[in-house]
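Under the working numbering, the residue at position 166 of the sequence shown is numbered 159, and the numbers go up by one with no gaps. Right, one structure below, let's go through it.
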Amino acid sequence: MKKILPLLIAAAFASPVAMAHQAGDILVRGGLAFVSPQTSSDNVLGTGELEIDSNMQLGLTLSYMLTDNWGVELLAATPFSHSVSTAGLGEVAKVKHLPPTLMAQYYFGDANSKVRPYVGAGINYTWIYDEHVSSDAQSKGFSNFKASNSWGMAFQVGADYMITDNIMLNAQMRYIDIDTRATVENDAVEPGTRARVNVDVDPFIYMVGLGYKF
-6 MKKILPLLIA AAFASPVAMA HQAGDILVRG GLAFVSPQTS SDNVLGTGEL
44 EIDSNMQLGL TLSYMLTDNW GVELLAATPF SHSVSTAGLG EVAKVKHLPP
94 TLMAQYYFGD ANSKVRPYVG AGINYTWIYD EHVSSDAQSK GFSNFKASNS
144 WGMAFQVGAD YMITDNIMLN AQMRYIDIDT RATVENDAVE PGTRARVNVD
194 VDPFIYMVGL GYKF
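Given below as structure tokens:
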């Protein structure tokens, strides 16, 4: 009994094993999301391909662990804003978009792992809105720039590092297949002239931030 009592006291005051992700957990992550388009397109009225610049915004994800290793995640963000240009014209237009994405994820390791790398695959819907022609392009006869919304596949790799039982560091990278059709009019060429351009945006999205496990 004299030997057992100290062991029981020590066990009572020992720190519990830190649990990472397990079935039933809700994971909320937030951080800076950097969108880097890998753009290619048709030629726009002889002025070159459309080019889309990068942008950084606040990204937010919400995940639910179905098991200790499988989860589902929804991606949201504040609106991304991009400048659209060609080599011959400079800036043609500005657009905004939102990229809600639903992913199925697989987490490596187990519920006691402090580091949980993961991969994911799913579907993206990109809503493009607030398109408007730049003032410089307007002076050259361009107007009515529009871009269609897009459905496409999305893929992801990432990792969580548990700082405490509930707070984690997160880093992740995504690739999203975004294909859109852009249209723009140019009355300087001929009244009513409309260019229709197929655009592969296909961005990589890099995100670093913090997360909380409920």
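Don't be surprised by glycine CBs; every beta carbon is placed ideally from N, CA and C. A quick note: this is a predicted structure, and the numbers were derived from the prediction, not measured.
Point to revise | Segments assigned beta strand (DSSP E), at least 3 residues, entirely inside the stretch 69 to 125 | key: Taking 3 residues as the minimum length, the beta strand (DSSP E) runs contained wholly in the stretch 69 to 125 are 73 to 79, 83 to 91 and 94 to 100, in order along the chain.
Point to revise | D180, buried or exposed, once every other Cβ within 10 Å from all chains shown has been counted against 16 | key: With a 10 Å radius around the Cβ and a threshold of 16 neighbouring Cβ atoms, D180 comes out exposed.
**Study point:** Cα-Cα separation between P72 and F138, rounded to whole angstroms
**Key:** 19 Å
Review point. Any idea if A114 is buried or exposed, counting beta-carbon neighbours within 10 angstroms, 16 or more meaning buried?
Key: That one is exposed.
Review point. Out of curiosity, what's the CA-to-CA distance linking S106 and M200?
Key: 22 Å
Check your understanding: With DSSP run on the structure shown, which of helix, strand or coil describes A16?
Key -> Of the three classes helix, strand and coil, the one that applies to A16 here is coil, per DSSP.
Review point. Can you tell me where the alpha helix (DSSP H) with S231 in it begins and where it stops?
Key: The shown model of the chain, from -6 to 207, leaves out residue 231, and the question about it has no answer.
Practice item. Pick out whichever of A175, V190 and Y100 has its Cα sitting closest to the Cα of A13. Key: Y100
Check your understanding: Which residues in the same chain have their Cβ closer than 8 Å to the Cβ of L51, if we skip the five residues on either side of it in sequence?
Key -> G23, G24, L25, A26, A70 and T71
Exercise for review: Whole angstroms is fine: what's the gap from D153's alpha carbon to P93's?
Suggested key: Here the alpha carbon of D153 sits roughly 21 Å from the alpha carbon of P93.
Review point. Comparing alpha-carbon positions, which option in V150, K87, G204 and V194 lies nearest L162?
Key: G204
Practice item. Tell me whether A5 is buried or exposed, calling it buried when 16 or more other Cβ atoms sit within 10 Å of its Cβ. Key: Caution is warranted here: a pLDDT of 40 is assigned to A5, below 50, making its placement in the model unreliable, and the coordinate value is therefore given only provisionally. Flag for A5 reads exposed.
Exercise for review: For chain C, find out if any of its Cβ atoms is closer than 9 Å to the Cβ of S74; answer yes or no.
Suggested key: Going by chain labels, chain C is absent from the structure shown, which holds only one protein chain.
Review point. Per DSSP, what kind of secondary structure is K133 in: helix, strand or coil?
Key: coil
Exercise for review: On a CA-only basis, which of L20, Q15 and A16 is nearest I160? Give me that one, please.
Suggested key: The candidate whose alpha carbon is nearest that of I160 is L20.
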